[in-house]
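Numbering (the numbering used here), first residue to last: 193 to 472.
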Ligand code: DGL
């Protein structure tokens, strides 16, 4: 690869699996010159039922690894990991630029006309302080209906985002919400945009679906600009994909979800640390 001048350090990103790719594609579309390093912790997917303490420990291990690999900014395209770890990561690494996520209750509350908003997120996201704080700040006067869509992340990881089980889970969540006057749905888990068509099919054309990916991409761009971290090239950025699970499975998902042929590298957990070396 040709040597580049200026700040060409990569942007780190991670999720329990392929969900974060729904955000990564928006960031890459906005910042085509940046290089990325994407870690999918598929050895531990789904994060949703694991609880705040375990997801925090996993997230901290991944962040350490991304920093060792030279990441200049870390985006957490995972609501669950953000709920569990964003606060403690900012405290541990003061001044380091992190971009996290929280369910987009704010734009939903601004746009709803019926005042009934559905939030689809994981149990750990609903448990966290970030969610409590967005509800407190922006949820006043709005009826928030929540559902954790148990099993949906697993279906998406298995390549069945539009299969019958994903449809059943989503119908179970959304049909009762529609009966209560739902007009806005917050996609509060980054896996769920990959089930967009199934969701659209269930709720119809008149319900607004809020995917926060474009807002996250704008925030990443803003922080890079503020920190003087932009890659001098304006095009041709690359992405390295790494997984703690099976690289072949991830490769297949990249092909189906992003229409992309890419190599996937295997990384390993060893004593709560991530390493590229099988024997730790
Ligand atoms: N994609 C993640 C999120 O945004 C995690 C889903 C999971 O692993 O349960 O919450």
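Glycine included, C-beta positions come from ideal geometry on N, C-alpha and C.
Because the structure is a prediction, the values reported are computed rather than measured.
Can you tell me whether residue i is helix, strand or coil according to DSSP?
i	result
residue 193	Annotation note: pLDDT 37 at residue 193 (below 50); position unreliable, no value reported.
residue 450	helix
residue 317	helix
residue 335	strand
residue 361	helix
residue 443	helix
residue 354	coil
residue 230	strand
residue 422	coil
residue 204	strand
residue 216	helix
residue 223	coil
residue 198	Here the model assigns residue 198 a pLDDT of 43, short of 50, so the residue's position is not dependable, and the following value carries that caveat. Coil, per DSSP.
residue 374	coil
residue 367	helix
residue 240	helix
residue 385	helix
residue 288	coil
residue 436	coil
Buried or exposed for residue i, please, with buried defined as at least 16 other CB atoms from any protein chain shown within 10 angstroms of its CB.
i	result
residue 360	exposed
residue 197	For residue 197, the pLDDT reaches just 38, beneath the cut-off of 50, and the residue's location in the model is therefore unreliable, leaving the point undetermined.
residue 307	exposed
residue 373	exposed
residue 310	buried
residue 333	exposed
residue 339	buried
residue 294	buried
residue 469	exposed
residue 242	buried
residue 248	buried
Counting along the chain, where does the alpha helix (DSSP H) carrying residue i start and finish?
i	result
residue 326	321-330
residue 272	271-284
residue 253	244-260
residue 414	405-419
residue 393	388-395
residue 346	344-349
residue 298	297-303
Please state whether the Cβ-Cβ distance between residue i and residue j is less than 8 Å.
i	j	result
residue 214	residue 371	no
residue 229	residue 263	yes
residue 436	residue 234	yes
residue 258	residue 266	yes
residue 323	residue 273	no
residue 292	residue 268	yes
residue 345	residue 375	no
residue 402	residue 362	no
residue 381	residue 316	no
residue 297	residue 336	yes
residue 453	residue 434	no
residue 281	residue 252	yes
residue 226	residue 417	no
residue 312	residue 237	no
residue 353	residue 386	yes
residue 203	residue 412	yes
residue 358	residue 330	no
Let me make sure I understand the geometry here. Which of the options has the alpha-carbon closest to that of residue i?
i	options	result
residue 320	330, 342 and 271	271
residue 223	273, 393 and 426	426
residue 410	201, 218 and 210	218
residue 211	448, 471 and 457	448
residue 366	354, 383 and 341	341
residue 289	469, 415 and 439	415
residue 455	446, 462 and 461	446
residue 232	459, 249 and 208	208
residue 348	378, 388, 331 and 330	388
Between which two residues does the beta strand (DSSP E) holding residue i run?
i	result
residue 457	456-458
residue 465	465-467
residue 266	265-267
residue 428	Residue 428 -> no beta strand (DSSP E), and no H or E assigned at all.
residue 210	From DSSP, residue 210 is part of no beta strand (DSSP E); its letter is neither H nor E.
residue 311	308-312
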